[in-house]
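Numbering (our numbering), first residue to last: 79 to 394.
For every residue, glycine included, the Cβ atom is placed at its ideal position computed from N, Cα and C.
What follows is a single structure, written as structure tokens, with notes after it.
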């Protein structure tokens, strides 16, 4: 029986940079280092400026999906924990240095998004030492690109190869919550160390919600849970703390939910303070804010607030 073909074989480029029965591993193959990753992302940033800029306007990618071999990824996560966050920190600092040079030379430097997004991912078809890149102009935009431009560096040649691939081909990639980093874009291009306290922190979960209002049509509100306990509130919420997940709609009470991660058993728990909360098609009894009643919140749960707003919980 023939083995299942990989996405790279279907693209016709398997032999160029990935290992199969006809492609031998490099004897002098070297493990990826933090410096390799840092320089690689900076190079992709500069490439995006060259490819996207026009007239006197500087245009660049805001979302960076960096792909690794699963073992290389785990090496960073297990034995070099926190390094991805530090790499992102230094990378954005360098981005601002480069953009400031363009602005000083008279170029127009205007962002196409209000944030930087980094997703560190792995794919089983990548061999150790392989590294790939996907860049996006508008992270979180309502419109999905029909095709994405993907750049690979083959081990054998070290020369970058670029291809257009469809979204369908990318379903095999594994996205890790621990490898997700989001930073606000700073208009004055001055790197703010204090503003990046969340970089390198453990990410407990990711929440997604789709709002009923017309201005949010086709868009998702995403929240990354860095704290082990958070509050989910509606548009009347005035607090701006990092543990406040504010959903900008009148259909969510303020506060509506309290969600806690219990480190002892590795599970999430939920207490409801809103008018009505449905968890996985079962209603949650309303609690008093001063005496919360906790129920288990399974990973990949679906939460419905007041019969209108849906919230999904994800965790790798």
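Helix, strand or coil at residue 165 according to DSSP, with G and I counted as helix: If you number the chain shown from 1, residue 165 lands on position 87. Note: residue 165 maps to helix in three-state DSSP.
Where residue 370 falls: helix, strand or coil (DSSP): In the chain shown, the residue the question calls residue 370 occupies position 292. Of the three classes helix, strand and coil, the one that applies to residue 370 here is coil, per DSSP.
Endpoints, the alpha helix (DSSP H) within which residue 283 is located: Here residue 283 refers to the residue found at position 205 when the chain shown is read from its first residue. For residue 283, no alpha helix (DSSP H) run applies; the uninterrupted beta strand (DSSP E) run containing it begins and ends at 283 to 288, by DSSP.
Given residue 172 as reference, the closest of 124, 347 and 323 once Cα atoms are compared: Here residue 172 refers to the residue found at position 94 of the chain shown. Cα-wise, what sits closest to residue 172 is 124.
Secondary structure of residue 189, DSSP reduced to three states: The count along the chain shown starts at 1 and reaches residue 189 at position 111. DSSP, reduced to helix, strand and coil, places residue 189 outside both helices and strands of the structure shown, so it counts as coil.
Under the three-state DSSP convention, the category residue 141 falls into: Within the chain shown, the letter at position 63 stands for residue 141. Note: residue 141 maps to strand in three-state DSSP.
Cβ separation of residue 119 and residue 151, assumed to be a contact under 8 Å, to the nearest whole Å: In the chain shown, residue 119 corresponds to position 41, counting from 1. In the chain shown, residue 151 corresponds to position 73, counting from 1. With a Cβ gap of about 15 Å, residue 119 and residue 151 do not count as contacting.
Given residue 341 as reference, the closest of 306, 122 and 311 once Cα atoms are compared: The residue given as residue 341 occupies position 263 in the chain shown. The shortest C-alpha separation from residue 341 is found at 306.
Residues bridged to residue 392 (per DSSP): Taking the chain shown and counting its residues from 1, one reaches residue 392 at position 314. Here residue 392 is bridged, per DSSP, to 284.
Beta-bridge pairing of residue 135 - partner residues as DSSP gives them: Position 57 of the chain shown, counted from the first residue, corresponds to residue 135. Beta-bridge pairing links residue 135 to 132 and 186.
Range of the contiguous beta strand (DSSP E) that encloses residue 294: Locating residue 294 in the chain shown gives position 216, where the first residue counts as 1. Per DSSP, residue 294 lies in no beta strand (DSSP E) and is assigned neither H nor E.
7 Å Cβ shell around residue 99 - same chain, five flanking residues per side excluded: The sequence position of residue 99 within the chain shown is 21, counting from 1. Caution applies to residue 99, whose pLDDT of 39 falls short of 50 and renders its modelled position unreliable; the model cannot decide the point.
DSSP state of residue 214 mapped onto helix, strand, coil: Sequence index remark: in the chain shown, residue 214 carries index 136 (1-based). For residue 214, the secondary structure class from DSSP, reduced to helix, strand or coil, is strand.
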